[in-house]
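For the sequence shown, numbering that gives the first Met the number 0 gives the first residue as 0, with consecutive numbering after it.
Before any comments, here is the structure.
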Amino acid sequence: MGAAPWQIFQFCPRCGVARASALRHAAPFRCEACGFLYFFNPSVAVAALILRDDGKALFIRRAKDPAKGRLALVGGFVDAGESAEHALRREVREEVQLELDEVQFLSSHPNDYHYQGTTYPVVDFIFVARTLDHDRAAALDDVASFAWLDPHAIDLEDLAFPSMRDAVARFRVARATGSP
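Set out below in structure tokens:
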């Protein structure tokens, strides 16, 4: 896997003093020299099960690590100043060239995002969405390919992240029980 962000900070970003070795595995980061305090809060990411009228959902194959080549939902990280819904619409445009029509919250999940030797804590917000222009889908940024698949038939272990496996499982139960 990788080191947690609080394990990587060897020096204070404010004053440059070396971090005491006894504190290197503790969060938040505390500088004993200048009093600087930094909390390692999770990043926020969004993803969506984008549905067609026939019940199939859009799944992508990731073009880059982490989980290069694995099946995933369309999504990405929320930028500062963005709402989760705005970020989702932006990510869908950037990755598959679609505009979302309906967006409904499904669930949230903690996740670990392993990237370039660091493990970032993330909270994933998963939505169910629809698009009016599903025929315009194209594999763009960070997407190797895409396919419209039955979310009830895919093997959950084929999905790139545990949060997505949990979300698709929750979606299946909600649909089976008639829940929204």
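Positions of the beta carbon are idealized from the N, C-alpha and C atoms, including for glycine.
Asked: Who are the Cβ neighbours of K63 in its own chain at under 7 angstroms, not counting the five residues just before and after it?; Found: D141
Asked: What residue from R13, R89, S42 has the CA that sits closest to E98's CA?; Found: R89
Asked: A26 and V16: beta carbons closer than 7 angstroms?; Found: no
Asked: Just verifying my parser: in three-state terms, what is the DSSP assignment at V121?; Found: strand
Asked: So, F124 versus A83, is the Cβ gap smaller than 7 angstroms?; Found: yes
Asked: Please classify P12: is it buried, with 16 or more other beta-carbons within 10 angstroms of its beta-carbon, or exposed?; Found: exposed
Asked: Taking the C-alpha atoms as reference points, what is the distance between R60 and G34?; Found: 45 angstroms
Asked: Thinking A47 and V95 are a contact (beta carbons under 8 angstroms), I'd like their distance in whole angstroms, please.; Found: Their Cβ separation, rounded to whole angstroms, is 10 angstroms, which puts A47 and V95 out of contact at 8 angstroms.
Asked: Taking the alpha-carbon of A166 as reference, which of F104, L139, P41, A79 has the nearest alpha-carbon?; Found: F104
Asked: Please name the residue in D53, L36, R174, L155 whose C-alpha comes closest to that of C14.; Found: L36
Asked: In chain order, what are the residue ranges of uninterrupted alpha helix (DSSP H) at least 4 long that sit wholly in the region 64-148?; Found: 83-95
Asked: How far does the alpha helix (DSSP H) with A19 in it extend, from its first residue to its last?; Found: No alpha helix (DSSP H) holds A19; DSSP gives it neither H nor E.
Asked: Using the rule of at least 16 other Cβ atoms within 10 Å of the residue's Cβ for burial, across every protein chain shown, is F145 buried or exposed?; Found: buried
Asked: With 16 other CB atoms within 10 Å as the buried threshold, where does V77 fall?; Found: buried
Asked: Look at the alpha carbon of Q178 and the alpha carbon of R29, and state the distance between them as a whole number of angstroms.; Found: With the sequence shown as reference, residue 178 is identified as Ser, and Gln is not the correct amino acid for it. If you take the alpha carbons of S178 and R29, they lie about 46 angstroms apart.
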